[in-house]
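Notes follow the structure.
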Amino acid sequence: MYIPFEQLPDQSRVWVYQANRPLTGEEMEQIRSFLMNEMNAWAAHGAPLNASFEIRFNHVVIVAVNEDVNQASGCSIDASTHWFKSLGEMLHIDFFDRQIAKIRGEQISLIPITSIKDLILSANLLEEDFIIPPQTSDLNQYRNQWLQTVRESWLKKYFVKSSV
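Residue numbers (the working numbering): 7 to 170.
If you want it as structure tokens, here you go:
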């Protein structure tokens with residue numbers, strides 16, 4: 007059952023779906039309508055799931071479910087993954103392409119993983135830049151410390167300090 011996002015408790019389980027391009031206003035409305043309908047029927051072994059979503063940065067859809075009410079099952083999680091495959095086909099968007107979303111100021115750039123080293127060498131990826139992590143442990147982490155600087159993320163391993 008769909009409920010407003012802000013009503014979900016901090017321990018809610020979270021999934022992050024990142025689009026491979028910015029979403030238009032019309033696409034975001036289509037996504038909202040589609041997800042509200044799907045969430046109103048979403049269940050795990052016949053038990054309704056209290057769930058919600060929000061769209062961030064015109065690029066990312068956050069899905070959350072209150073597992074204190076009913077836990078998401080493998081089949082219900084598969085169903086939610088199928089939603090984003092269907093949305094991708096309808097809107098010609100890939101929610102599964104695994105690029106890194108970098109935020110610098112108000113600008114979001116998508117970075118292919120294979121380009122990380124070159125972008126660091128050319129100073130197009132800085133330790134101070136923020137990234138959108140592709141996963142988060144729960145709604146509390148999402149609400150309070152979701153965005154990470156590159157230096158706080160798994161990308162820090164690419165920044166080797168020289169000892170000259």
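Think of the CB as a built atom: it goes at the ideal place given N, C-alpha and C, for glycine as much as any other residue.
No experiment lies behind these values; they were computed from the predicted model shown.
- Query: residue 20: which of 166, 163, 146 and 65 sits nearest, CA to CA?
  - Reply: Answer by Cα proximity: 146.
- Message: Looking only at its chain, what residues have a beta carbon closer than 7 Å to the beta carbon of residue 65, apart from the 5 residues adjacent to it on each side?
- Response: Closer than 7 Å at the Cβ level, and outside the excluded window around residue 65, lie 24, 25, 28, 29, 107 and 114.
- Item | Length at least 3, wholly inside the region 75-123: the beta strand (DSSP E) runs in chain order | Complete beta strand (DSSP E) runs here, min 3: 106-110 and 113-117.
- Inter-residue spacing [alpha-carbon to alpha-carbon] between residue 118 and residue 131: Computed Cα separation, rounded: 12 Å.
- Leaving out the 5 sequence neighbours to the left and right, which residues in its chain are closer than 7 Å to residue 164 when beta-carbon positions are compared? Around residue 164, the same chain offers 122, 123 and 126 as residues with beta carbons nearer than 7 Å, after the five sequence neighbours per side are excluded.
- Task: Within 10 angstroms of the Cβ of residue 150, are there 16 or more other Cβ atoms? Answer buried if so, exposed if not.
- Result: Residue 150 should be labelled exposed.
- Message: Beta-carbon within less than 8 Å of residue 7's beta-carbon, same chain only, minus the 5 sequence neighbours each way: which residues are those?
- Response: 45, 46, 48, 54, 55, 56 and 57, listed in sequence order.
- Item | For residue 66, three-class secondary structure by DSSP | In the structure shown, residue 66 adopts extended strand secondary structure according to DSSP, grouped into three states.
- In whole angstroms, what is the alpha-carbon distance linking residue 77 and residue 128? So the two alpha carbons sit approximately 46 Å from each other.
- I think residue 153 touches residue 138, with their Cβ atoms under 8 Å apart; what is that distance to the nearest whole Å? The distance from the Cβ of residue 153 to that of residue 138 is about 7 Å, consistent with a contact at the 8 Å cut-off.
- Task: Would you give the residue range spanned by the alpha helix (DSSP H) that residue 19 belongs to?
- Result: Residue 19 -> not in any alpha helix (DSSP H); beta strand (DSSP E) instead, spanning 19-24.
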